[in-house]
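Take the sequence shown: its position 376, counted from the start at 1, is 645 in the numbering used here, and no numbers get skipped. Please read the structure below before turning to the comments.
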Amino acid sequence: MGTPSFDIAIVGGGLAGCSAAISLANLGYQVVLFEAKAYPHHKVCGEFLSPECIHLFDELGITQQIRALHPVPICHVQITAPNGATWISKLPGEGWGISRYGLDQLLADHARLQGVEVCENTCVTQIQGGLDSQFSIETRSQSPVQVRVVIGAHGKRSNLDRALNRSFLKSHQPFIGLKNHFQGPPLSDHVALFVFPGGYCGMSEVEGGIANVCLLVRQDIFRQTADDSPANIAKFIDWMCQQNPYLDRWLSQATPMLDQWVSIGQVPFIRKQLVERDILMAGDAAGLIAPLAGDGMAMALHGGLLAAHYADRILQQPQFADVFLKNYAGDWRRNFADRMRLARALQAFMLRPNLLTPSLHLLNRIPALGDFLVRHTRGSYPIEQKGVSL
Ligand SMILES: Cc1cc2nc3c(=O)[nH]c(=O)nc-3n(C[C@H](O)[C@H](O)[C@H](O)COP(=O)(O)OP(=O)(O)OC[C@H]3O[C@@H](n4cnc5c(N)ncnc54)[C@H](O)[C@@H]3O)c2cc1C
């Protein structure tokens, strides 16, 4: 293999990939970022940014640019059961509603400004080599690129996971995600979750007076009512509204803005390897938190910074690369594993109709319990990097 043309390659230009790229470019490295799609694009996401994201944007030096997109302040979370039982809690700070269409583009533009070579429409098909030689990145559209370190930030499930033969692909993942934008009645400063048998549907406002509606549903439940064609997604939405009349009340007054629902299948909530063939995994490629926590984007931004920190250490002291890879996995777990476990348990609880209503009543009777759950399913500020300092 020839001389590396870049120090670092990042696969995936979502929040994790862009935050790692910006951080490493700011440290003076030559960074190339490959993104399979063209910006901007819609993604299945609740588009609610947890309060700690504002501090992560500060770390990246982009808070002013994000504010210029006019994110919507969100201060409360609300859960409504099919029978109308409701719990509302204040968030531990102001969250923001912002579309991925605008946010991902902004981050990629900022990465470019910092000197990152952003290759859009460039899908990585294979990664050869390792830290002891160098990596060769193969794509569908370019000749291979040689680099010294690779960060995998390619999201929940990608062709690259298959190419790397990642073990999480062996277990079936029973969830489907869907999202659309709507014009509808105001949602004030709430992120509202409506539960139905086998899933939940979240809605909150994003910039431009638009409501984002995003849901997670068990595949078997979805298949009972519909298949993946657009007409049948509409059939499923009708069924879901019949299950939760409070959700129906809002959706029946709202108009969809995208021609089709954006969808994703086999959403994986299981444990993944954090380092795969010497590649540092970040964001959803390292592990996905249950969406009800509304913390996946914060984890992706934070995880990108953590991976960047370790990429820097490996490049500074390559003789200790093995130790750094091991420490990276340990630090990742220390930072994120507790909140992921808690969110997964809460999601399982929420999807059991007989437990949901008594749980919501309990949360109403003991507000401190609700505050505890809201706090412990997200990061805190100051961003406390457990194991390393940023
Ligand atoms: C239903 C649902 C609702 C959610 N709601 C919220 C919410 O309200 N708030 C929140 O904080 N989190 C939410 N999340 C989680 C959040 O969306 C993710 O955690 C976050 O997007 C992770 O960012 P990422 O950068 O790791 O991945 P992504 O944003 O998915 O980015 C990965 C990128 O990699 C690219 N890519 C993939 N393969 C390749 C390849 N081979 N070559 C090049 N590029 C590639 C993709 O095109 C993509 O742009 C939700 C998740 C789901 C499923």
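Beta carbons are placed, not taken as given, at the ideal position from N, Cα and C, and that holds for glycine.
Boundaries of the beta strand (DSSP E) harbouring residue 348: 341–349, taken from the DSSP string. At a Cβ-Cβ threshold of 9 Å, residue 608 and residue 646 count as neighbours.
Contact between the region 564–578 and the region 521–529 is not established, with fewer than three Cβ pairs separated by less than 8 Å. Take residue 353, set aside five residues on each side of it, and the residues of its chain with a beta-carbon closer than 7 Å to its own are 515, in chain order. Under the three-state reduction of DSSP output, residue 425 falls in the coil class, being neither helix nor strand.
Beyond the five residues adjoining it in sequence on each side, residue 320 comes within less than 8 Å, by CB distance, of 360, 361, 362, 363, 364, 647, 650 in the same chain, given in chain order.
By the Cβ neighbour-count rule, residue 643 is buried, with 16 or more other Cβ atoms within 10 Å of its own. Less than 9 Å separates the beta-carbon of residue 425 from that of residue 557. Close CB contacts of residue 629 within its chain, under the 8 Å cut and outside five residues either way in sequence, are with 348, 350, 354, 355, 356 (chain order). The beta carbons of residue 444 and residue 512 sit no closer together than 9 Å. In summary, residue 369 is buried, with 16 or more beta-carbon neighbours lying within 10 Å of its beta-carbon over all protein chains present.
Counting along the chain, the unbroken beta strand (DSSP E) around residue 388 starts and ends at 386–388.
DSSP places residue 366 in the uninterrupted beta strand (DSSP E) bounded by 355–366.
At least one heavy atom of ligand 1 is found less than 8 Å from the C-beta of residue 422.
Not one heavy atom of ligand 1 falls within 8 Å of the beta-carbon of residue 534. DSSP places residue 532 in no alpha helix (DSSP H) but in the uninterrupted beta strand (DSSP E) bounded by 531–533. DSSP places residue 371 inside the alpha helix (DSSP H), whose first and last residues are 369–382. A straight-line Cα-Cα distance of about 52 Å links residue 274 and residue 466.
Remark: C-beta atoms of residue 392 and residue 303 approach each other more closely than 9 Å. Relative to ligand 1, the beta carbon of residue 369 is positioned inside 8 Å of a heavy atom.
With fewer than three CB-CB distances shorter than 8 Å, the region 582–596 does not count as touching the region 281–291. With respect to the C-alpha of residue 560, the residue from 469, 378, 604 having the closest C-alpha is 469.
With a minimum length of 4 residues, the unbroken runs of alpha helix (DSSP H) contained wholly in the region 487–573 fall at 488–494, 499–512, 514–520. With distances taken between CA atoms, residue 298 lies nearest to 386 out of 510, 386, 395. In chain order, 443, 445 place their CB closer than 6 Å to the CB of residue 488, counting only its own chain and leaving out the 5 sequence neighbours on each side. Residue 538 counts as buried, since no fewer than 16 other beta carbons sit within 10 angstroms of its beta carbon.
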